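According to my numbering, the sequence shown is numbered sequentially starting from 306.
By construction, the Cβ of each residue, glycine as well, lies at the ideal position given by its N, Cα and C atoms.
These figures come from a predicted structure and were not determined experimentally.
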Amino acid sequence: MSTDNYHHGNLRQALLEEAGRVVKNEGADAISFRSLARALGVSHAAPGHHFADRTALLSELAAQGYQELADAIELGMNRAASEQRLVAAGEAYVRFALANPEVYRMMFASRLLSGECSDNLLTASQRAYMLLLEAAHGRPPSGDPAAYRVATPELAAWSMVHGAVMLWLDGQLSATTTEEEFLDLIDRVLSLHFAQPGSSHVEERL
Numbered sequence: 306m307s308t309d310n311y312h313h314g315n316l317r318q319a320l321l322e323e324a325g326r327v328v329k330n331e332g333a334d335a336i337s338f339r340s341l342a343r344a345l346g347v348s349h350a351a352p353g354h355h356f357a358d359r360t361a362l363l364s365e366l367a368a369q370g371y372q373e374l375a376d377a378i379e380l381g382m383n384r385a386a387s388e389q390r391l392v393a394a395g396e397a398y399v400r401f402a403l404a405n406p407e408v409y410r411m412m413f414a415s416r417l418l419s420g421e422c423s424d425n426l427l428t429a430s431q432r433a434y435m436l437l438l439e440a441a442h443g444r445p446p447s448g449d450p451a452a453y454r455v456a457t458p459e460l461a462a463w464s465m466v467h468g469a470v471m472l473w474l475d476g477q478l479s480a481t482t483t484e485e486e487f488l489d490l491i492d493r494v495l496s497l498h499f500a501q502p503g504s505s506h507v508e509e510r511l
């Protein structure tokens, strides 16, 4: 494919699509501007016209990942009864991570979630967090997401699902447990701990 096949505005999307394919198949460490340019048939300098550096490209991919995660959580919550919304959010979270393991790892890379992360990444990650707060406290929170301090319900739920996901992705459970058994176990654990009427309040903060 030659550079002539790209007109204004298309190369950026092509870079994101190709980078997303590489991350899903090989992980974020396999991403380089040179390899992306080679795959798309453009000059080695071309990606730099759309992304300042590799981290900027990965940040945009991570933002897309958070949007997809938030969509999955929101869909799960909307399909659940009120007392099951936190359970449904946790189940959707785990299923997204297992379906997109390398994307999930990239989303939580500390270098991407630094204080200088992109506006798109910040907005997308805050949307996912606000849905978690809504599921944990029984109603949508109001105000600036950056002003919230973590409280017990969401910390307990988030720690449980993120910890379980990382145990699975790092191979600590896969030797003795199938993915289907793991998902069933997650469902039962979440139901045991979080299937209850939302009596907490958003104002209950540390």
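Rounded to a whole number of angstroms, what is the C-alpha to C-alpha distance between residue i and residue j?
i: SER496; j: VAL470; result: 17 Å
i: ARG410; j: ALA386; result: 30 Å
i: GLU322; j: ALA433; result: 22 Å
i: ASN405; j: ALA480; result: 20 Å
i: GLU508; j: ALA461; result: Because GLU508 sits at a pLDDT of 39, beneath the cut-off of 50, its placement in the model cannot be relied upon, and the following sentence gives the value as read from the coordinates. Cα to Cα, GLU508 sits roughly 17 Å from ALA461.
i: GLY468; j: LEU488; result: 14 Å
i: ARG493; j: GLN477; result: 19 Å
i: LEU437; j: ALA402; result: 15 Å
i: GLU331; j: MET465; result: 27 Å
i: ALA452; j: PRO446; result: 11 Å
i: THR360; j: GLY353; result: 12 Å
i: ASP449; j: MET435; result: 10 Å
i: TRP473; j: TRP463; result: 15 Å
i: PHE356; j: ARG416; result: 16 Å
i: ARG317; j: ALA375; result: 23 Å
i: HIS498; j: THR483; result: 23 Å
i: TYR485; j: THR457; result: The sequence given here has Glu at residue 485, not Tyr. Going by the C-alpha atoms only, they are around 29 Å apart.
i: LEU490; j: GLU388; result: 19 Å
i: ARG384; j: VAL347; result: 45 Å
i: ASP358; j: ASP475; result: 28 Å
Our contact map puts residue i next to residue j with C-beta atoms below 8 Å; I'd like the distance itself, whole angstroms only.
i: ALA500; j: VAL392; result: 5 Å
i: VAL408; j: LYS329; result: 6 Å
i: ALA333; j: ALA440; result: Incorrect: roughly 28 Å between the Cβ atoms, too far for contact.
i: LEU345; j: LEU320; result: 7 Å
For residue i, which residues from the same chain have a beta carbon less than 6 Å from its beta carbon, with the 5 sequence-adjacent residues on both sides left out?
i: HIS349; result: ARG339 and ALA342
i: ARG390; result: MET382 and ALA440
i: ALA351; result: ALA342
i: ASP309; result: Because ASP309 sits at a pLDDT of 43, beneath the cut-off of 50, its placement in the model cannot be relied upon, and the following sentence gives the value as read from the coordinates. None.
If you drop the 5 nearest sequence neighbours on each side, which residues of the same chain put their C-beta closer than 8 Å to that of residue i?
i: TYR371; result: MET412, LEU426, ALA429, SER430, ARG432 and ALA433
i: ALA335; result: VAL327 and VAL328
i: SER337; result: ARG359
Report all residues from its chain with a CB closer than 7 Å to the CB of residue i; omit the five preceding and five following residues, and keep chain order.
i: GLU459; result: LEU437, LEU438 and ALA441
With contact counted as at least three CB pairs below 8 Å, one residue from each stretch, are the stretch 397–414 and the stretch 372–387 in contact?
yes
Any contact of the stretch 364–373 with the stretch 420–430, i.e. 3+ C-beta pairs under 8 Å?
yes
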